[in-house]
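Have a look at the structure below before the remarks.
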Amino acid sequence: MPGHRIYLDYNATAPLAPGVRDAVCAALDLPGNPSSVHREGRAARAAIETARQQVAALVGAPARRVIFTSGATEAAALALTPDVAWDNARGCARLLVAGGEHPCVSNGGRFDGSAVGTVRLDPDGVIDLSALERALDAEPGRPAMLALQRANNETGVLQPVRAAADMVRARGGVVVCDAVQSMHRIEEAATDLGADALFLSAHKMGGPKGAGALVLVNPTLEIGAPLLRGGGQELGLRAGTENVAAIVGFGVAAAHALAMRHAESRRLLQLRDAFEKGLRALFPQVTIFGARAPRLPNTSAFALAGLPAETLLIALDLEGIALSSGSACSSGKVRSSQVLENMGVAPDLARCALRVSVGPGTREDDIDDALGALARVAQAISVRRMQPAA
Ligand code: PLP
1116 MPGHRIYLDY NATAPLAPGV RDAVCAALDL PGNPSSVHRE GRAARAAIET ARQQVAALVG
1176 APARRVIFTS GATEAAALAL TPDVAWDNAR GCARLLVAGG EHPCVSNGGR FDGSAVGTVR
1236 LDPDGVIDLS ALERALDAEP GRPAMLALQR ANNETGVLQP VRAAADMVRA RGGVVVCDAV
1296 QSMHRIEEAA TDLGADALFL SAHKMGGPKG AGALVLVNPT LEIGAPLLRG GGQELGLRAG
1356 TENVAAIVGF GVAAAHALAM RHAESRRLLQ LRDAFEKGLR ALFPQVTIFG ARAPRLPNTS
1416 AFALAGLPAE TLLIALDLEG IALSSGSACS SGKVRSSQVL ENMGVAPDLA RCALRVSVGP
1476 GTREDDIDDA LGALARVAQA ISVRRMQPAA
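Written out as structure tokens, the structure is:
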């Protein structure tokens, strides 16, 4: 079947959700600047505000607390700053990040490198809450910001954000949650998470690439200084004429995700479980990372010891199957996974780690075909390896 591709890399990015392309094209035709007071400007403004409501509805937060950015990376940089005020507190002396966070978080945002500490993960990929408690209590006079993702992009492992947030907030700290992989897949509201702020990325849920949002969930939370200064857009926190089309597309994708989330999360779980059942049947020695922890319904990270990920990835690509090794955002770059390293996975096994992430376009047949291709490719590589060198 020439040209038939099976896309199993939804954690890297998702194809456009229904309605997004048309909405984006219509928004591109809006001539006005959203800051202008004339009718054309007001139409562009209205399109942005509709999107804001759609994103807010997905998250379960007030629309006025949604700040559009160019993506999750920018939202993280905006939020991870010592210059924050919340409740009756002002200023964070330090940032704690969980091991295995996305690089846009683990790099520490606007904190000085010396103020950033890492809290380790357990072998299942879950934050070690007693290590977090120790880190918080080690310096009681230095209020901490914790950055903890809800779901890991590589393993799908879910973090106990609520429990961690209760711990941090009881000690006068503040919590920022990377909800990029979770909000469109898990039925929960921002307030369930207990974080003071969270951030999202449009392209992970079928919106355009290059749009995201920071949501200030705690009504008292204030970010001291913007990243970009200028015209004062987005509550003064993100200057620059808004990317109206991308924001509109984000809104439509968020509305679609909200409408589908209940049914999709169950369907994806069945597909993922079918994949893992088939995988274990084909390769009884397979390691599935984070399998004992609560995980996203759509993600399976696994390794076949002795079969390097890049070799499998390239061979599977030729078979028409798109999946990923290591972190999605580093696809194409061969480097070992920080997430697996933080889980204590041996480097040799980590080099064999692949990720399948299913999504709205995935069908049962795709899972069967992917397993068939994996069996063929693994067999071919093993046979080639056993042949004596010429
Ligand atoms: N956080 C997680 C968990 C991600 O998976 C990604 C992208 O892969 C990001 C943050 C960065 O998102 P963006 O591409 O919108 O900057």
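Take the sequence shown: its letters are residues 1116 to 1505, numbered as in the working numbering.
C-beta atoms are modelled at their ideal positions from N, C-alpha and C, and glycine is treated no differently.
Computed from a predicted model, the values in this text were never measured in an experiment.
Worksheet item: Quick one: what's got a C-beta closer than 7 Å to V1181's C-beta in the same chain, skipping five residues either side?
Response: R1167, V1170, A1171, A1328 and V1330
Discussion item. At the level of alpha carbons, what is the spacing between A1443 and N1267?
Written reply: Its pLDDT being 41, under 50, A1443 is placed unreliably in this model, and the value from its coordinates should be taken loosely. Cα to Cα, the separation comes out at about 11 Å.
Worksheet entry | Inter-stretch contact (C-beta, 8 Å, three-pair minimum) for the region 1204 to 1217 and the region 1357 to 1372 | Not touching, per the Cβ criterion.
Worksheet item: Which residues in the same chain have their Cβ closer than 6 Å to the Cβ of R1407, if we skip the five residues on either side of it in sequence?
Response: D1239
Fill in: Three-state secondary structure assigned by DSSP to Q1264
strand
Worksheet entry | Minimum C-alpha distance to Q1400 - residue among L1427, L1419, D1463 and K1392 | L1419
Fill in: Proximal residues to G1228 (C-beta, below 8 Å), its chain only, five neighbours per side dropped
none
Worksheet item: N1413: which of G1435, L1336 and I1301 sits nearest, CA to CA?
Response: I1301
Discussion item. Quick check: the Cα distance between T1306 and G1175, rounded to an integer number of angstroms?
Written reply: 7 Å
Fill in: Extent of the continuous beta strand (DSSP E) to which D1293 belongs
V1289 to D1293
Discussion item. Let me confirm a value: L1433 is counted as buried when at least 16 other C-beta atoms fall within 10 Å, else exposed. Which label applies?
Written reply: exposed
Worksheet item: Counting only runs that start and end within the region 1171 to 1259, where is the beta strand (DSSP E) found for 3 or more residues in a row?
Response: For the region 1171 to 1259, whole beta strand (DSSP E) runs of length 3 or above, ordered along the chain, are 1181 to 1184, 1199 to 1201, 1209 to 1213 and 1231 to 1234.
Worksheet entry | Residues sharing a beta bridge with G1327, DSSP | T1184 and S1316
Worksheet item: Can we count T1356 as close to ligand 1, meaning its CB is less than 7 Å from some heavy atom?
Response: no
Worksheet item: Given S1415, which residues of its chain have a CB within under 8 Å of its CB, disregarding the five upstream and five downstream residues?
Response: G1271, R1387, F1390, E1391, L1394, I1403, R1470, V1471 and S1472
Discussion item. Using a Cβ-based criterion (distance less than 7 Å to any ligand heavy atom), does N1126 qualify as near ligand 1?
Written reply: Remark: the shortest separation between the CB of N1126 and any heavy atom of ligand 1 falls under 7 Å.
Worksheet item: Any idea what DSSP makes of R1410, helix, strand or coil?
Response: strand
Worksheet item: Out of curiosity, what's the CA-to-CA distance linking D1243 and N1203?
Response: 28 Å
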